[in-house]
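Visitor:
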Amino acid sequence: MDYTPDEMMTIVAARQLTDGVSCFVGIGLPSAAANLARHLHAPESILIYESGTIGTKPVALPLSIGDEELAETSDTIVPLPEIFNYWLQGNRVDIGFLGGAQIDRFANLNSTVIGTYDNPNVRLPGAGGAPEIASMAKEVFIIMPLKKRAFVEKIDFITSAGFLEGSHSRTDLGFNGSGPSIVITDLGILRPDPESKELTLTELYPGVKEEQVQENIGWKLKIAKNVQVVEPPRDEELQKLRELKKA
Amino acid sequence: MDYTPDEMMTIVAARQLTDGVSCFVGIGLPSAAANLARHLHAPESILIYESGTIGTKPVALPLSIGDEELAETSDTIVPLPEIFNYWLQGNRVDIGFLGGAQIDRFANLNSTVIGTYDNPNVRLPGAGGAPEIASMAKEVFIIMPLKKRAFVEKIDFITSAGFLEGSHSRTDLGFNGSGPSIVITDLGILRPDPESKELTLTELYPGVKEEQVQENIGWKLKIAKNVQVVEPPRDEELQKLRELKKA
Amino acid sequence: MAEIASLQEAVQTLIADHESVALEGFTHLIPQGAGHEIIRQGKKDLTLIRLTPDLIYDQLIGMGLVKKLIFSWGGNPGVGSLHRFRDAVEHQWPRELELEEHTHAGLANRYVAGASGLPFMVMKGYQGTDLLKNTKNAAVIDCPFTGEKVAAVAAINPDTTIIHAQQADRKGNVQLWGITGIQKEAAFSAKKVIVTVEEVVDKIEPRPNAVFLPSFTIDAVCKVPGGTYPSYALDYTKRDNQFYKKWDSISRDRNTFMNWMERHVLQTKNTEEFLRSLEGVVT
Amino acid sequence: MAEIASLQEAVQTLIADHESVALEGFTHLIPQGAGHEIIRQGKKDLTLIRLTPDLIYDQLIGMGLVKKLIFSWGGNPGVGSLHRFRDAVEHQWPRELELEEHTHAGLANRYVAGASGLPFMVMKGYQGTDLLKNTKNAAVIDCPFTGEKVAAVAAINPDTTIIHAQQADRKGNVQLWGITGIQKEAAFSAKKVIVTVEEVVDKIEPRPNAVFLPSFTIDAVCKVPGGTYPSYALDYTKRDNQFYKKWDSISRDRNTFMNWMERHVLQTKNTEEFLRSLEGVVT
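Take a look at the structure:
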């Protein structure tokens, strides 16, 4: 079956979710990926939305984190201070899914402003739950389509900490979570180097060349020794994703 | 109708509760008094037990703060951190009812030990919710039968702060609540002097003499200029109290 | 004790120019009707507080009534930008908008501190981000037991909080359920509280996942059925996702926005008329 | 993920000598059955944690299994003293008992800090009392914004928390309702969690005033109907107020206590046998 880069990205993200994990899900690509996983290989994963809905099992993909679908299909609903303080900060979230407007080589994310803070060119929505997900989820998956203005040498505002200046600068701050383990793009996969924490191209999607990735990234990209090629979408993955999007 | 000193004390305590107030109720005399008031002149008072039951309307007096009667007749039940942090500490409690094993002239209470802390003669149950009720309820009513070993010059342990060393020593600590406004005993009523905060005999029950009160108090008691005599129990007060105790 | 009042009266009495107001609701039970009443009465120089300023805050900002916004995520959920908010920040139209921003957890804990009668609350977070540089109301302190560094956020106490609930009874007790977000803390931290409700019932039956607010914690209860549109009240109304999408084009252009506000808010008297004015227009 | 296990197995596997254990329950849903199993297995040198140590803690203390008690109110509710607790503190019988005591709000907030992944929590209280002198785990700190003095309490993280709930489903999800006290925080702050339940159901229907604990937050779920006696499980069993009164005379005398424990706990295999052994004896 034919597929779009966006579909490939969502399916690759879904594949990262192992069954039985608790996953803090944002709207958009993360929600599509997490629900796709739940419908395929991870039926026992526990989806948590920041609206306080825990163990939601939506049939249709929600537009917002507060759609009635999420409230009606959840195991329980807790107030906001509880979802942030007891669940996320209390180390009960295995995986956090994040995106952003800008990302740098150490997977720090900006979703606040493009330009200066006091006089921005583009005012973005802001932090929301992202900074705490980034620092507290045991592991963070980032999904962002590659674009030169998004993958930049220096982000304009650190909204959510990745590995800060790399190496041990994140662990120095004593965050609960181990940080981003993967950046899933629409052309391939980047992962932090175990030592320097610099994002490194480790996998490409079928038919994509390394140069295509570099063309869409604003810094000189590190490339792994043996870049693997990711398995293309299987029919059942594509069908289920399209079903979810249509519902 | 004939009545016991204990009944008089409970009825006098009930009379202090004006309608519509929120009242944090402990088990025993406070619970009897608060429920009596609710059945008589204060039907719209909101009784809150530290078990988290809010707006309870028990028919029978509960043995413990967690009896099913309290859970089943409440408007809502909240978890403990909420009852203490949002309700009591959040200034939503008008009246706190307290007792104790010992009280001093500044209405400080001991419910921890008789003797030294490390080697006590009598180990009492301890603090429970009393210290926070004493410091945070907008106003505190104390109910304690007079006994020389209970009304003492110096209490063995400050479990719950009254006016500490008197005068402005309480207000210096910035407590939310204004402290004990009345000590209801089985012989009469003591109230803090507006300036020195020393407990002062202001009312006697019918037939009780000042000396009887002094005999049961371990310090030289201050006596108000015009000691009033409290109205004896009315029939409906006594009947309702006995009904409640029987139920 | 809560008075059962008209929304018009409650807004007139309980909200003054220059005050801080939190119309809370986390994607559910958003008190849009009350926001429209504030716009109709032209309350001005407001400091608005909310984790998720959405369409109704976009409208209040676009109408020039807002001096300052304290928030943690300012977008049209699942759709994109709030164009009036962006226009105010990027081009000072129709006026400059002062911002104080936090994370969701940070602003939620500011309400928790306010509701708890505390001057501040502790949490993790803020460290390693640029958010810390841009607010006086978050700081890093040391744990007195372990020496570990934690974030502290200052209490927030709105002059008035407005929330929407499914039910009130005749005494003014209130129950809301479903996604209840930060509404209890927003109400408990405020000096004055207005609750708009779908329905006034004889007796409130406790529901799962519900928040119950006794009458004595509320100043005014106003019956405003449909008062969350295009948000929703679980078991009463449905979220109009189409309207959220449509807001993107209504709000993108200053004139289209002003005309829409004129026609649907300023020229209607109340939520009932507002909802009627949309019939056949939307979706 | 929670294993559905026998209580015997859960206590054997998840509780070790010298560890800290919180059997929580605030006058409702007290896990007495689990406490009896700890006594039968003779776990020793335990640090017990609970706001309201009651009859089951009196029994654990009287049997000499407890090294330290962290608590906020140690009485027989509505009746009077816990005689075994007093005997241990006043006469070191059957052994010395180390105490750390707090207020209810203080110990509750220690659990809140533990459940929140924080090293401490802030609150008002403790100031002006002698409690502050007798614990290292409460302190007074300054608000970084206002300078106001507030109390700080250190996080508590029990090795194991045991609670009792009305229902579990077959996957090990749990629901409790009624007075839910501090159970969620006690469970969330612990390294290991055991839940005893009245009933295992096919599907949990959400209830008002309920706490839901997903299976992944629990280590073992054990079916122990009646496991709260003489406490109760709302909508399943009744509180036996008479037994609470009767405990006063059973526990007052060392020999009477030891005989009672021998006959009703040590010589019974489980909660079912324990309850049967009381038939015709009590009330």
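Residue numbers (the working numbering), protein chains in the order written: chain L, 187 to 433; chain S, 187 to 433; chain H, 51 to 333; chain D, 51 to 333.
Where is the CB? At the ideal position from N, CA and C, for every residue including glycine.
Considering only their Cβ atoms, is the gap separating R309 (chain S) from R136 (chain D) smaller than 8 Å?
Guide: Within the fourth sequence, numbered from 1, the residue matching residue 136 (chain D) stands at position 86. Within the second sequence, numbered from 1, the residue matching residue 309 (chain S) stands at position 123. A contact, by the Cβ cut-off of 8 Å.
Visitor: Consider the Cβ of F195 (chain D): report whether some Cβ of chain L lies at a distance smaller than 8 Å.
Guide: Here residue 195 (chain D) refers to the residue found at position 145 of the fourth sequence. Output row for F195 (chain D): interface = no.
Visitor: Taking just the CA atoms, how far does G124 (chain D) sit from G228 (chain H)?
Guide: Working through the third sequence from its first residue, we reach residue 228 (chain H) at position 178. Working through the fourth sequence from its first residue, we reach residue 124 (chain D) at position 74. About 38 Å.
Visitor: Looking only at its own chain, which residues have a Cβ that is under 6 Å from the Cβ of L274 (chain S), when we skip the five neighbours before and after it?
Guide: Residue numbering aside, residue 274 (chain S) sits at position 88 when the second sequence is read from its first letter. Taken in chain order, the residues that qualify are E318 and M322.
Visitor: If we ignore side chains and look at the alpha-carbon of each, how far apart do G404 (chain L) and K243 (chain L) end up?
Guide: For this step, residue 404 (chain L) is matched to residue 218 along the first sequence. For this step, residue 243 (chain L) is matched to residue 57 along the first sequence. Near 39 Å, if we compare the C-alpha coordinates of K243 (chain L) and G404 (chain L).
Visitor: Could you name each continuous beta strand (DSSP E) segment of 3 residues or more that falls completely within the region 266 to 298 of chain L, going from the start of the chain to the end?
Guide: With a minimum length of 3 residues, the continuous beta strand (DSSP E) runs that stay inside the region 266 to 298 of chain L are 281 to 284.
Visitor: Considering Cα atoms alone, identify which of L:T302, L:Y303 and L:N277 is closest to K174 (chain H).
Guide: Residue mapping note: residue 174 (chain H) aligns to position 124 of the third sequence, counting from 1. The shortest C-alpha separation from K174 (chain H) is found at L:N277.
Visitor: Listing by chain order, which chain H residues have their CB less than 9 Å from the CB of Y272 (chain S)?
Guide: Along the second sequence, read from residue 1 onward, the residue named residue 272 (chain S) stands at position 86. The contacting residues are V162, A165, S166, G167, K234, E235 and F238.
Visitor: Only counting the same chain, and skipping five residues up and downstream in sequence, which positions put a Cβ closer than 6 Å to that of Q288 (chain S)?
Guide: Within the second sequence, the letter at position 102 stands for residue 288 (chain S). Closer than 6 Å at the Cβ level, and outside the excluded window around Q288 (chain S), lie N296, A336, V338 and I341.
Visitor: Classify Q62 (chain D) as helix, strand or coil using the three-state DSSP reduction.
Guide: The residue given as residue 62 (chain D) occupies position 12 in the fourth sequence. Helix.
Visitor: When you compare each of D:V203, D:D285 and D:G197 to C193 (chain H) by their alpha carbons, which one comes out closest?
Guide: Translated into the one-based positions of the third sequence, residue 193 (chain H) becomes position 143. Comparing Cα-Cα distances from C193 (chain H) to each of D:V203, D:D285 and D:G197, the minimum goes to D:V203.
Visitor: Can you give me, in chain order, the residues of the region 199 to 232 of chain H that have a beta carbon less than 9 Å from any beta carbon in chain L?
Guide: The residues in question are K199, W227, G228, I229, T230, G231 and I232.
Visitor: At 9 Å on the CB atoms, spell out the chain D contacts of R201 (chain L), in chain order.
Guide: Mapped onto the first sequence, residue 201 (chain L) falls at position 15. What R201 (chain L) touches in chain D: nothing, since even the nearest Cβ is about 21 Å away.
Visitor: May I ask which residues mark the beginning and end of the alpha helix (DSSP H) holding A236 (chain D)?
Guide: For the purposes of this step, residue 236 (chain D) is taken as the residue at position 186 of the fourth sequence. Note, A236 (chain D): alpha helix (DSSP H), Q233 to S239.
Visitor: May I ask which residues mark the beginning and end of the beta strand (DSSP E) holding P378 (chain S)?
Guide: Here residue 378 (chain S) refers to the residue found at position 192 of the second sequence. That run of the beta strand (DSSP E) goes G374 to P378.
Visitor: What beta strand (DSSP E) runs, 3 residues minimum, are completely inside the region 56 to 110 of chain D?
Guide: Whole beta strand (DSSP E) segments, 3+ residues: 70 to 73 and 96 to 100.
Visitor: Start and end of the beta strand (DSSP E) containing L149 (chain D)?
Guide: Working through the fourth sequence from its first residue, we reach residue 149 (chain D) at position 99. Its beta strand (DSSP E) spans residues E148 to E151.
Visitor: Specify, as a first and last residue, the run of the beta strand (DSSP E) that E248 (chain H) falls within.
Guide: For the purposes of this step, residue 248 (chain H) is taken as residue 198 along the third sequence, with counting starting at 1. Counting along the chain, the beta strand (DSSP E) containing E248 (chain H) begins and ends at K242 to V251.
Visitor: Kindly indicate which three-state DSSP category H214 (chain H) falls into: helix, strand or coil?
Guide: Within the third sequence, residue 214 (chain H) is the residue found at index 164, counting from 1. Looking at H214 (chain H) - three-state DSSP - the assignment turns out to be strand.
Visitor: So for Q414 (chain L), helix, strand or coil by DSSP?
Guide: Position 228 of the first sequence, counted from the start, is the residue given in the question as residue 414 (chain L). Strand at Q414 (chain L).
Visitor: For S281 (chain D), which of D:H214, D:A218 and D:L168 has the nearest alpha-carbon?
Guide: Looking up residue 281 (chain D) in the fourth sequence gives position 231. Checking every option, the nearest Cα to that of S281 (chain D) belongs to D:H214.
Visitor: Could you please give the first and the last residue of the uninterrupted alpha helix (DSSP H) stretch that includes P258 (chain D)?
Guide: Start at 1 with the first residue of the fourth sequence, and residue 258 (chain D) comes out as number 208. First-last for P258 (chain D): undefined, no H or E at that position.
Visitor: For T267 (chain D), which residues in chain L fall below 8 Å Cβ to Cβ?
Guide: To locate residue 267 (chain D), count along the fourth sequence from 1; it is residue 217. Per Cβ cutoff of 8 Å: R278.
Visitor: Out of H:G231, H:W297, H:H141 and H:L96, point me to the one whose CA is closest to D253 (chain L)'s CA.
Guide: Position 67 of the first sequence, counted from the start, is the residue given in the question as residue 253 (chain L). Among H:G231, H:W297, H:H141 and H:L96, the Cα nearest to that of D253 (chain L) belongs to H:G231.
Visitor: Under a CB-based cut-off of 8 Å, is R134 (chain D) close to chain S?
Guide: For the purposes of this step, residue 134 (chain D) is taken as the residue at position 84 of the fourth sequence. No, R134 (chain D) lies away from the interface with chain S (no Cβ there is under 8 Å from its Cβ).
Visitor: I'd like to know whether the C-beta atoms of I99 (chain H) and S70 (chain H) end up nearer to each other than 8 Å.
Guide: One-based indexing of the third sequence puts residue 99 (chain H) at position 49. One-based indexing of the third sequence puts residue 70 (chain H) at position 20. Contact: yes.
Visitor: Where does M171 (chain H) fall in DSSP's three states?
Guide: Here residue 171 (chain H) refers to the residue found at position 121 when the third sequence is read from its first residue. Strand.
Visitor: Please state the DSSP three-state secondary structure of A246 (chain S).
Guide: Against the second sequence, residue 246 (chain S) aligns to sequence position 60. In this structure, A246 (chain S) counts as coil in the three-state DSSP scheme.
Visitor: Does the Cβ of E198 (chain H) have 16 or more other Cβ atoms within 10 Å, making it buried, or fewer, making it exposed?
Guide: Residue numbering aside, residue 198 (chain H) sits at position 148 when the third sequence is read from its first letter. Flag for E198 (chain H) reads exposed.
Visitor: Would you say I344 (chain L) lies against chain H (beta-carbon separation less than 8 Å)?
Guide: Counted from its first residue, the first sequence places residue 344 (chain L) at position 158. Yes, I344 (chain L) lies at the interface with chain H (some Cβ there is under 8 Å from its Cβ).
Visitor: With distances taken from CA atoms, which of S:N294, S:V207 and S:P331 is nearest G178 (chain D)?
Guide: Within the fourth sequence, residue 178 (chain D) is the residue found at index 128, counting from 1. Nearest option by C-alpha distance: S:N294.
Visitor: Would Q216 (chain D) and Q225 (chain D) be called neighbours here (beta carbons separated by less than 8 Å)?
Guide: Taking the first residue of the fourth sequence as 1, we reach residue 216 (chain D) at position 166. Taking the first residue of the fourth sequence as 1, we reach residue 225 (chain D) at position 175. Yes, the pair counts as a contact, with Cβ atoms nearer than the cut-off.
Visitor: Where do the N-terminal and C-terminal ends of the alpha helix (DSSP H) with P191 (chain L) fall, by residue?
Guide: The sequence position of residue 191 (chain L) within the first sequence is 5, counting from 1. Where P191 (chain L) is concerned, the enclosing alpha helix (DSSP H) stretches over P191 to Q202.
Visitor: Could you round the C-beta distance between F327 (chain S) and S364 (chain S) to whole angstroms and report it? I think they count as a contact, below 8 Å.
Guide: As a first step, residue 327 (chain S) must be located in the second sequence, where it is residue number 141. As a first step, residue 364 (chain S) must be located in the second sequence, where it is residue number 178. About 12 Å separates the two Cβ atoms, so there is no contact after all.
Visitor: Between L73 (chain D) and V116 (chain D), which are expected to be in contact by the criterion C-beta below 8 Å, what is the C-beta distance as a whole number of angstroms?
Guide: As a working note, residue 73 (chain D) is residue 23 in the fourth sequence. As a working note, residue 116 (chain D) is residue 66 in the fourth sequence. That pair is no contact at about 12 Å.
Visitor: Output the distance between the C-alpha atoms of V190 (chain H) and E249 (chain D), rounded to the nearest integer angstrom.
Guide: Residue mapping note: residue 190 (chain H) aligns to position 140 of the third sequence, counting from 1. Residue mapping note: residue 249 (chain D) aligns to position 199 of the fourth sequence, counting from 1. Each residue's Cα considered, the two are about 47 Å apart.
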